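Each remark here refers to the structure printed beneath this line.
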Amino acid sequence: MTLLHLRGVTRQFATIDGPALQILKGVDLDVEAGDRVSIVGRSGSGKSTLLNLLGLIDQPTTGVIELDGEPVALMRARRRDRLRGASVGFVFQQFNLIDGLTAAENVAVPLHYGAGRAYWRRAHLAREMLQRVGLEHRLDTRATHLSGGEQQRVAIARALVRRPRLILADEPTGALDIETGARTMDLLDRVATDAGAALVTITHDLAVASRARRVLRLVDGRLHPHERVEVPA
Amino acid sequence: MTDVVAAIQDAWTELRIHRGRVLMSLIGVTVAIAALTASVAVGELARSTLLVSMESNRGRPATLTLWIGPAAAEAPSAADHVAALDAIDAAVERYGVEYASARTNAHLALAQGMGVQVEGVEPDFAVMRHLGVAEGRFLVESDRARLAPAIVVNRGALDALGGGGMDVHRTVEIGGTTAVVVGVVDRGLGDEWPQVWMLPRDVVRVADAAGTAGTISGMQLEAWVPEEMAEDGLRMLAQDIRSALPGSTVDGNRQDWQAFEGYDPLLPLQLTLVGTAVVILLLGALGLITVAVVSIRQRVREFGIRRAFGASRGRIFTAVMLESVVGTVVAGAIGIALCIFVYRLPVVQQTLTQGIGGVELPGFPMSAAITGLLVSAAVGALAGSIPATIAVRSKVIEAIRF
Chain P
1 MTLLHLRGVT RQFATIDGPA LQILKGVDLD VEAGDRVSIV GRSGSGKSTL LNLLGLIDQP
61 TTGVIELDGE PVALMRARRR DRLRGASVGF VFQQFNLIDG LTAAENVAVP LHYGAGRAYW
121 RRAHLAREML QRVGLEHRLD TRATHLSGGE QQRVAIARAL VRRPRLILAD EPTGALDIET
181 GARTMDLLDR VATDAGAALV TITHDLAVAS RARRVLRLVD GRLHPHERVE VPA
Chain Z
1001 MTDVVAAIQD AWTELRIHRG RVLMSLIGVT VAIAALTASV AVGELARSTL LVSMESNRGR
1061 PATLTLWIGP AAAEAPSAAD HVAALDAIDA AVERYGVEYA SARTNAHLAL AQGMGVQVEG
1121 VEPDFAVMRH LGVAEGRFLV ESDRARLAPA IVVNRGALDA LGGGGMDVHR TVEIGGTTAV
1181 VVGVVDRGLG DEWPQVWMLP RDVVRVADAA GTAGTISGMQ LEAWVPEEMA EDGLRMLAQD
1241 IRSALPGSTV DGNRQDWQAF EGYDPLLPLQ LTLVGTAVVI LLLGALGLIT VAVVSIRQRV
1301 REFGIRRAFG ASRGRIFTAV MLESVVGTVV AGAIGIALCI FVYRLPVVQQ TLTQGIGGVE
1361 LPGFPMSAAI TGLLVSAAVG ALAGSIPATI AVRSKVIEAI RF
């Protein structure tokens, strides 16, 4: 079943003193439930712009984006916000944890915008997620006191705490060393599989990209199948 | 419901995280709310104290006073006074006036040849004129049956009797008659001049026995009635007394301070106090807004994260607004508590009650506390709306990549 469906998606940005900047020029993409997709591309190729569209954070200039067959453009902003909270989990390159909160409180943040039952059980659910990423001993540690790898594991727990059907990872290993990055990707793969969620990873690291079933390359504002290259271990 | 609780929880968490900044920015609000609450409280206290003072002097609204003039040119006899008292009692009873007192005065010898002004009043007079006793009690109905008249004295009269403590149940010679002191009044400063209160019929009886019935001056009726009955009440009471005492003159009018329309002696004081407090409050709010606007720009990334995980613009606005309101309400509550604490300090109580002895200082005015709390919430909402608008205008994409 198609979870996310993009056809002819373009995105352009107005500039102050020149013609509009055309970042995406016609993106077609289908993401199935439980899918594994990597999108690679050079810096400035529009990877993050595409991720924002996939995550319902941004709207395309033209084209269609459907989530579960429902056109996103027709939704009211509030419904889109709710749908994003319920269906999409984000993992960012810079982790983006809230500094003053503990690991458990950070993981519980998405539950503040969820259904009543999940909100009232937020402490329990956050603890459970942190156990799954091996951080049960760091529940009450402030985000700023965690190592980079631990912060990214907290971010993964946060992305999954509402059991989203789509996880969007933007350079998830970009701020980690190779070994920690590999462990983080193992964990992300495992918890996404456990949750039955689709995982779309945006990266310029081919080793990270090659973990996915499908690797797509963003070139000149369009997605192309990427030829697999053996990456030395 | 969950959304509301979660929004409050978010606000509280943010206050906890940024407590240092919040504390610094709210000190101004705390001081401002304390100043505002104190101003309102002082205004209220001054108003209630002056009100009690005015009611002590002129009676409560509406107080009707009727003067009964003698029928003959010569000084009225004791029998004439008794007849006037009978007429007053009959009129009061006929119209069911709840609080009324006949009033008369006589100059009688008290001690060592010293004279004292004795005021004849009924038991209701204490309620009608806020006449509180420091010890013992005021005159009561059962005093009418006493063989030795009951008297209430002030501090000046007590001093004239030889001073000492405010002891009651002592007997004194007044106008040659033995009377029993049943209560002592202490009205503070200005109460040094000796004064004695006695039932009107006892005044007539004692003065008559002393052969000084002629010194009894002006028989009056004072009645405290509902304001809407003042006009008719005055006319009917006068008519009844006049018909019971043929040939006598009966004049009357309203004596309480509210009889003088448009007169509010406290308005200038209250306006000055509240005006000063509002200026302080505006300065406090300005400081709060400045800190809030500066700090909100440092939290753009956090709003982006929250938006990414499902928070709507409305939710972000509410959370930032609530942070401000919760903060200022807590600061306001602290300011009010500070105010109440200072108000209850013995040294402050002594200062406030100086010169108004006999008038009990009321508790801290609830209206001042409620005003302070409402104003602090309003300041929070006002100061929160600006950063909240900035917060919802921040773009999620830029915020996350901040």
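If you read the sequences in order, they're chains P and Z. Take the first sequence: its letter number 213 is residue 213 in my numbering, and every next letter is one higher. Position in the second sequence (first residue = 1) + 1000 = my numbering. Cβ atoms here follow ideal geometry from the backbone N, Cα and C, with glycine treated the same way. Remember, it's a predicted structure, so these values are computed and weren't measured experimentally.
Pull up the distance between the alpha-carbon of Glu227/P and that of Leu216/P, whole angstroms please.
In a straight line, the C-alpha of Glu227/P is about 9 Å away from that of Leu216/P.
According to DSSP, Arg36/P sits in a beta bridge with which residue or residues?
In the DSSP assignment, the residues bridged to Arg36/P are Leu199/P.
For Ala155/P and Leu97/P, which I take to be in contact (beta-carbon distance under 8 Å), what is that distance rounded to the nearest angstrom?
About 6 Å; that satisfies the 8 Å criterion.
Under 8 Å, with one C-beta from each stretch per pair, do the stretch 1085-1098 of chain Z and the stretch 1011-1031 of chain Z reach the 3-pair mark?
Proximity of the stretch 1085-1098 of chain Z to the stretch 1011-1031 of chain Z falls short of the contact definition, fewer than three beta-carbon pairs being nearer than 8 Å.
Is the shortest distance between the beta-carbon of Val109/P and the beta-carbons of chain Z less than 9 Å?
With 9 Å as the cut-off, Val109/P counts as an interface residue toward chain Z.
Hey, Ala126/P and Glu105/P: beta-carbon distance below 9 Å or not?
Contact annotation: Ala126/P and Glu105/P have beta-carbon atoms nearer than 9 Å.
Check whether the stretch 1304-1313 of chain Z touches the stretch 65-83 of chain P, counting contact only when three or more Cβ pairs, one atom from each stretch, lie closer than 8 Å.
Cβ pair count under 8 Å is three or more, so yes.
Under the three-state DSSP convention, the category Asn96/P falls into
Reduced to three states, the DSSP call for Asn96/P is coil.
Hey, how far is the Cα of Ile1216/Z from the Cα of Asp1159/Z?
Going by the C-alpha atoms only, they are around 24 Å apart.
Inter-residue Cα distance where the pair is Val1082/Z and Leu1237/Z
Taking the straight line from one Cα to the other gives about 18 Å.
Quick test of your reading: Leu1110/Z and Pro1194/Z, contact by CB under 8 Å. State the CB separation rounded to the nearest angstrom.
Leu1110/Z to Pro1194/Z, Cβ: 7 Å. Contact.
Output the distance between the C-alpha atoms of Gly221/P and Phe13/P, rounded to the nearest integer angstrom.
The alpha-carbon atoms of Gly221/P and Phe13/P are separated by roughly 13 Å.
Going along chain P in order, which residues have a C-beta closer than 9 Å to the C-beta of Glu1323/Z?
Going along chain P, no residue has its Cβ under 9 Å from Glu1323/Z, so there is no contact; the nearest lies around 13 Å.
In chain Z, which residues lie less than 7 Å from Arg84/P when you measure between Cβ atoms?
At a beta-carbon threshold of 7 Å, the residues of chain Z lying near Arg84/P are Gly1310, ordered along the chain.
Just curious, the alpha helix (DSSP H) that Glu1231/Z is in, first and last residue?
Counting along the chain, the alpha helix (DSSP H) containing Glu1231/Z begins and ends at Ala1230 to Ala1244.
Residues of its chain near Pro19/P, where Cβ-Cβ distance is below 7 Å and the 5 sequence neighbours each way are ignored
Once the five neighbours on either side are set aside, Pro19/P has no close Cβ partner at all.
Is any beta-carbon of chain P found at less than 9 Å from that of Arg1306/Z?
Yes, because at least one Cβ of chain P sits closer than 9 Å to the Cβ of Arg1306/Z.
Please list the terminal residues of the continuous alpha helix (DSSP H) segment that includes Glu1119/Z.
Boundaries for Glu1119/Z: no alpha helix (DSSP H) harbours it, while the beta strand (DSSP E) harbouring it runs Met1114 to Gly1120, taken from the DSSP string.
Name, please, each residue of chain Z whose Cβ falls closer than 9 Å to the Cβ of Phe90/P.
Within chain Z, the residues near Phe90/P are Ile1305, Ala1308, Phe1309 and Ile1400.
Pro164/P: which of Ala197/P, Gly34/P and Ile16/P sits nearest, CA to CA?
With distances taken between CA atoms, Pro164/P lies nearest to Ala197/P out of Ala197/P, Gly34/P and Ile16/P.
Between Leu1026/Z and Thr203/P, what straight-line distance do the alpha-carbon atoms span, to the nearest angstrom?
Each residue's Cα considered, the two are about 45 Å apart.
Could you spell out the range, first to last residue, of the alpha helix (DSSP H) harbouring Trp120/P?
Note, Trp120/P: alpha helix (DSSP H), Gly116 to Trp120.
Which residues, in chain order, does the stretch 1318-1350 of chain Z contribute to contact with chain P at a C-beta distance below 8 Å?
Within the stretch 1318-1350 of chain Z, no residue has its Cβ closer than 8 Å to any Cβ of chain P.
Within the continuous beta strand (DSSP E) that includes Ala1134/Z, where are the two ends?
Val1133 to Gly1136 is the span of the beta strand (DSSP E), which, as asked, contains Ala1134/Z.
Using a Cβ-Cβ cut-off of 9 Å, state whether Asp35/P counts as contacting chain Z.
Chain Z, which has no Cβ nearer than 9 Å to the Cβ of Asp35/P, makes this no.
Beta-carbon of Ile39/P versus every beta-carbon of chain Z: anything under 9 Å?
No - not a single Cβ of chain Z is within 9 Å of the one on Ile39/P.
Given that Gly18/P touches chain Z, what residues does it touch there, using C-beta distances under 8 Å?
Neighbours of Gly18/P on chain Z: none; closest Cβ ~20 Å, over 8 Å.
Distance check for Val1140/Z and Val1203/Z, CA to CA, integer angstroms please.
One C-alpha to the other measures close to 15 Å.
Out of Arg1187/Z, Gly1214/Z and Ser1053/Z, which has the shortest C-alpha to C-alpha gap to Ala1079/Z?
For the residues Arg1187/Z, Gly1214/Z and Ser1053/Z, the minimum Cα distance to Ala1079/Z belongs to Gly1214/Z.
Note down, in chain order, all residues in the stretch 52-79 of chain P with a beta-carbon under 8 Å from any beta-carbon belonging to chain Z.
Identification of residues in the stretch 52-79 of chain P having a C-beta nearer than 8 Å to some C-beta of chain Z yields Asn52, Gly55, Ile57, Asp58, Ala77 and Arg78, given in sequence order.
Which residue comes first and which comes last in the beta strand (DSSP E) that contains Gly89/P?
Note, Gly89/P: beta strand (DSSP E), Val88 to Val91.
Let me check understanding here. Comparing Cα to Cα, which of Leu176/P, Leu168/P, Glu179/P and Ala175/P lies closest to Ala212/P?
If we check each option's Cα against that of Ala212/P, Leu168/P comes out closest.
Hey, quick one: how far does the beta strand (DSSP E) through Phe136/P stretch, first residue to last?
Residue 136/P is actually Glu in this sequence, not Phe. Note, Glu136/P: premise wrong, no beta strand (DSSP E); not H, not E.
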